[in-house]
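Here the structure is laid out as structure tokens; the discussion comes afterwards.
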Amino acid sequence: NAGVTQTPKFRILKIGQSMTLQCAQDMNHNYMYWYRQDPGMGLKLIYYSVGAGITDKGEVPNGYNVSRSTTEDFPLRLELAAPSQTSVYFCASRGDQRDTQYFGPGTRLTVL
Amino acid sequence: GENVEQHPSTLSVQEGDSAVIKCTYSDSASNYFPWYKQELGKRPQLIIDIRSNVGEKKDQRIAVTLNKTAKHFSLHITETQPEDSAVYFCAAGPSGSSNTGKLIFGQGTTLQVKP
């Protein structure tokens, strides 16, 4: 199993541009999460999903959108990039009967 | 809203000494408390977790204690080694199937183990 994968690894955006961060897992997990990690800080939950077609907001959802059309994929969309969205983004997934969240390798995003 | 406070923010110890990191949480409904280790430029990785039905859990040199009444839990690392140097995060959230699994993370502790 590849576990949780994320693309791209790095990206530089200009203010106002848009992009989609990709996240996929091959563990058949229903639960998936998007976090952002600012320098020297903990992880903040952006959005989460409890299964295909079901998403909900986390602590810091403003400026982001998500979709969950399949169990495997959970993309995160930035519509109008702002410097405040410069961060490292981690995707995670969890199985139905377990509490443990498994993290992807992260995407480092810089907005200039 | 729910909050998790973590202390200290940085911790420096000599190799072989013990290290203790403490967290307090605000949501009394939390009953799952994981600890993650994150090396520089890497993803967070679970090192140990505890649920509210136990007060202590140990895995080799790592132990976690939980005081649900006081809403605090701690990570203990004994006989520290240079490879323990990393950032450690605590978190709190719900446990069991059919829950959202939403975790609130602490701010992190940078542990430096000096050879």
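In order, the protein sequences belong to chains P and E.
For the first sequence, the tail end lands on 847 under the numbering used here, and the numbers increase by one without skipping.
For the second sequence, the tail end lands on 129 under the numbering used here, and the numbers increase by one without skipping.
Don't be surprised by glycine CBs; every beta carbon is placed ideally from N, CA and C.
None of the values given here were measured: they were computed from a predicted structure.
- Boundaries of the beta strand (DSSP E) harbouring serine 784 of chain P: 778-786, taken from the DSSP string.
- The bridge partners DSSP lists for valine 78 of chain E are E:Lys71, E:Leu89.
- In this structure, alanine 106 of chain E and valine 18 of chain E form a Cβ contact; the two beta carbons are roughly 5 Å apart against a cut-off of 8 Å.
- Interface annotation for the segment 753-766 of chain P against chain E: Tyr766, criterion Cβ-Cβ distance under 8 Å.
- If you look at serine 32 of chain E, you'll find it isn't in any beta strand (DSSP E); DSSP assigns it neither H nor E.
- In the DSSP assignment, valine 18 of chain E falls within the unbroken beta strand (DSSP E) covering 18-21.
- For threonine 123 of chain E, the closest C-alpha among the options P:Trp769, P:Val739, P:Leu778, P:Thr755 is that of P:Leu778.
- Those residues of the segment 772-803 of chain P placed with their C-beta closer than 9 Å to a C-beta in chain E are Gln772, Gly775, Met776, Gly777, Leu778, Lys779, Leu780, Tyr783, Val785, Asp791, Gly793, Glu794, ordered along the chain.
- DSSP, read as helix, strand or coil, puts proline 48 of chain E in strand.
- A contact between stretches requires three or more CB pairs, one per stretch, nearer than 8 Å, and the segment 78-91 of chain E meets this requirement with the segment 30-46 of chain E.
- Glycine 69 of chain E has a beta carbon lying at 7 Å or more from every beta carbon in chain P.
- Here the alpha carbons of glutamate 97 of chain E and proline 58 of chain E stand approximately 15 Å from one another.
- In the three-state DSSP reduction, aspartate 98 of chain E falls in the helix class (H, G or I).
- Check the Cα spacing between lysine 56 of chain E and each of E:Ala100, E:Val127, E:Gln121: the tightest is with E:Ala100.
- Glycine 115 of chain E sits buried, since 16 or more C-beta atoms from the chains shown fall within 10 Å of its C-beta.
- Under the Cβ distance rule, phenylalanine 119 of chain E counts among the residues neighbouring chain P, one pair being separated by less than 7 Å.
- Contact check for aspartate 834 of chain P against tyrosine 46 of chain E passes: the beta carbons are separated by less than 7 Å.
- Using a Cβ-Cβ cut-off of 9 Å, threonine 114 of chain E is close to Tyr766, Tyr783, Val785, Asp791 of chain P, given in chain order.
- Counted as a single uninterrupted DSSP element, the beta strand (DSSP E) harbouring serine 26 of chain E occupies residues 24-28.
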